[in-house]
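Since the structure comes first, as structure tokens, the remarks are kept for the end.
Number of protein chains: 2
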Amino acid sequence: MHRHEGHDACRTAAPDMVARAEAICRERGLQFTPLRREVLEAVAGSGKAQGAYDIAERLSAPGKRVAPVSVYRALDFLMEQGLVHRIASRNAFIPCGHDHAPGEGVIFLICRTCGGVDEASSADVEGGLERTLERAGFTPTHSILEVEGDCGACRERDHAP
Amino acid sequence: MHRHEGHDACRTAAPDMVARAEAICRERGLQFTPLRREVLEAVAGSGKAQGAYDIAERLSAPGKRVAPVSVYRALDFLMEQGLVHRIASRNAFIPCGHDHAPGEGVIFLICRTCGGVDEASSADVEGGLERTLERAGFTPTHSILEVEGDCGACRERDHAP
DNA sequence: CCAGCGGTGATACACTGTAACAAACCCGCG
DNA sequence: CGCGGGTTTGTTACAGTGTATCACCGCTGG
Numbered sequence: 001m002h003r004h005e006g007h008d009a010c011r012t013a014a015p016d017m018v019a020r021a022e023a024i025c026r027e028r029g030l031q032f033t034p035l036r037r038e039v040l041e042a043v044a045g046s047g048k049a050q051g052a053y054d055i056a057e058r059l060s061a062p063g064k065r066v067a068p069v070s071v072y073r074a075l076d077f078l079m080e081q082g083l084v085h086r087i088a089s090r091n092a093f094i095p096c097g098h099d100h101a102p103g104e105g106v107i108f109l110i111c112r113t114c115g116g117v118d119e120a121s122s123a124d125v126e127g128g129l130e131r132t133l134e135r136a137g138f139t140p141t142h143s144i145l146e147v148e149g150d151c152g153a154c155r156e157r158d159h160a161p
Numbered sequence: 162m163h164r165h166e167g168h169d170a171c172r173t174a175a176p177d178m179v180a181r182a183e184a185i186c187r188e189r190g191l192q193f194t195p196l197r198r199e200v201l202e203a204v205a206g207s208g209k210a211q212g213a214y215d216i217a218e219r220l221s222a223p224g225k226r227v228a229p230v231s232v233y234r235a236l237d238f239l240m241e242q243g244l245v246h247r248i249a250s251r252n253a254f255i256p257c258g259h260d261h262a263p264g265e266g267v268i269f270l271i272c273r274t275c276g277g278v279d280e281a282s283s284a285d286v287e288g289g290l291e292r293t294l295e296r297a298g299f300t301p302t303h304s305i306l307e308v309e310g311d312c313g314a315c316r317e318r319d320h321a322p
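Residue numbers (the working numbering), protein chains in the order written: chain U, 1 to 161; chain C, 162 to 322.
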């Protein structure tokens, strides 16, 4: 099991994300186009989960409009490559700064105060879930685990301002 | 820990759901209105997760239109009373046939073949999650755990038709 | 050259959810 | 009885989320 302390400490910076994405795409023979790069930067640039329409607006400038549909396509691509995650409970997207083991379950820790999203994983949780599913006769293909609450940083800040 | 075998076996039938809802509302001094009753029946009547607009359509008849917003309000009420759950990954709703311990985590098992949703819970998973959150310095307020896959019934049916 | 393919732009549309206000209903109180 | 206040519902409008479709562009391989 590994874990992460705070969402700031563990979040890979945007330039690193881009470099990693370039490497992955080159390795897999896929195109890391300017649009995809901009979308990834937009997602990685903010510390919080971004909606597709937020991203579209952020990438748009007077004279250069980026339609949400283009953002969705780029996000689909980035998700397939494991470079961003979708937060179902928020309809929003975050960059993924980790190399997840294939099939490894991710736990999203969503701070309701600062909006930051941290990723964690736990062999305990995963093992328990596996056993539970097996007992239920259920064969999983995909699972999401999202926790909303207060991250340590926000709790401290609010506690002793 | 308790568990459930299949989504058919564990799903409380619609009439029972209504009876239980009536009892709960009486006990809590709340109104179990015809609309709320119809919405609950609609959610409980189908074996699968229902969208709010599906419910609205199902409850509408020539001359009697039920607007989605009314369905949402009824669903909000029923969720507050713990009579239905929302499946975030599907934007859909299912009846809740269990008496959940307060604060008990629920695991939703969503069959991608038949669309049925089963509920499970696991002390292992819950404990592991608690420990993981504590180590991360994260104070949870709400968490969702949804697993997509194939339920036992569908797997058997497809395996030996 | 050109046929095909992936990516993008653009428009339209479907689906999901909420805000705001008015009307109906219920219930207790004077 | 009538009246006032809370809750529920109806209605309209709108915001937010996501997809389908077609056209165009640019590249690449025959």
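Idealized CB from N, CA, C, for every residue including glycine.
C-alpha gap between residue i and residue j, whole angstroms
i: Ala49 of chain U; j: Leu75 of chain U; result: 13 Å
i: Glu126 of chain U; j: Asp285 of chain C; result: 9 Å
i: Gln81 of chain U; j: Thr139 of chain U; result: 24 Å
i: Tyr214 of chain C; j: Arg157 of chain U; result: 42 Å
i: Ala175 of chain C; j: Ala281 of chain C; result: 19 Å
i: Cys151 of chain U; j: Arg296 of chain C; result: 11 Å
i: Ile24 of chain U; j: Leu30 of chain U; result: 8 Å
i: Phe93 of chain U; j: Gly51 of chain U; result: 6 Å
i: Ile268 of chain C; j: Asp99 of chain U; result: 26 Å
i: Val66 of chain U; j: Arg58 of chain U; result: 9 Å
i: Arg316 of chain C; j: Lys64 of chain U; result: 50 Å
i: Arg37 of chain U; j: Gly97 of chain U; result: 15 Å
i: Phe77 of chain U; j: Leu83 of chain U; result: 9 Å
i: Leu196 of chain C; j: Asp118 of chain U; result: 41 Å
i: Arg251 of chain C; j: Arg90 of chain U; result: 13 Å
i: Ala314 of chain C; j: Gly105 of chain U; result: 25 Å
i: Met162 of chain C; j: Ala101 of chain U; result: Its pLDDT being 42, under 50, Met162 of chain C is placed unreliably by the model, and the measurement read from it follows with that caveat. C-alpha separation (whole angstroms): 29 Å.
Where residue i sits in the DSSP three-state scheme
i: Glu5 of chain U; result: The predicted model places Glu5 of chain U with a pLDDT of 41, which falls under 50 and marks its position as unreliable; any figure quoted below should be read in that light. Note: Glu5 of chain U maps to coil in three-state DSSP.
i: Pro195 of chain C; result: helix
i: Ser143 of chain U; result: strand
i: Pro102 of chain U; result: coil
i: Val66 of chain U; result: coil
i: Met186 of chain C; result: Here residue 186 of chain C is Cys; the residue named in the question, Met, does not match the sequence. Cys186 of chain C: helix per DSSP, three-state reduction.
i: Cys315 of chain C; result: helix
i: Leu109 of chain U; result: strand
i: Cys10 of chain U; result: Only weak support is given to the placement of Cys10 of chain U: the predicted model assigns it a pLDDT of 45, under 50, and the value that follows is read from those uncertain coordinates. The answer is helix: DSSP assigns Cys10 of chain U an H, G or I state.
i: Phe93 of chain U; result: strand
i: Ala222 of chain C; result: strand
i: Ala49 of chain U; result: coil
i: Ala19 of chain U; result: helix
i: Ala120 of chain U; result: strand
i: Gly82 of chain U; result: coil
i: Gly289 of chain C; result: helix
Residue i burial status per 10 Å Cβ neighbour count (16 or more: buried)
i: Glu148 of chain U; result: buried
i: His246 of chain C; result: buried
i: Ala61 of chain U; result: exposed
i: Ala9 of chain U; result: Reliability fails at Ala9 of chain U, whose pLDDT of 42 lies under 50, so the model's placement of it is uncertain and the value that follows must be treated cautiously. The residue is exposed, with fewer than 16 neighbouring Cβ atoms inside 10 Å.
i: Arg189 of chain C; result: exposed
i: Thr141 of chain U; result: exposed
i: Pro95 of chain U; result: buried
i: Ala42 of chain U; result: buried
i: Arg26 of chain U; result: exposed
Assumed close pair residue i, residue j - CB separation to whole angstroms, cut-off 8 Å
i: Met178 of chain C; j: Ala205 of chain C; result: 4 Å
i: Glu291 of chain C; j: Ile248 of chain C; result: So it is not a contact: roughly 23 Å between Cβ atoms.
i: Phe32 of chain U; j: Ala21 of chain U; result: 6 Å
i: Ile216 of chain C; j: Val200 of chain C; result: 6 Å
i: Thr132 of chain U; j: Ser304 of chain C; result: About 15 Å separates the two Cβ atoms, so there is no contact after all.
i: Gly208 of chain C; j: Gly298 of chain C; result: About 41 Å separates the two Cβ atoms, so there is no contact after all.
i: Cys128 of chain U; j: Gly264 of chain C; result: Per the sequence shown, the amino acid found at residue 128 of chain U is Gly instead of Cys. Actually they are not in contact, since the Cβ atoms of Gly128 of chain U and Gly264 of chain C sit about 17 Å apart, beyond 8 Å.
Any non-hydrogen atom of the ligand HEM within 7 Å of residue i CB
i: Pro95 of chain U; result: Looking at this structure, you won't find the ligand HEM or any other ligand, since it has none at all.
Practice task
Examine the Cβ distances between the segment 268-275 of chain C and the segment 224-236 of chain C and report whether three or more of them are shorter than 8 Å.
Solution key: no
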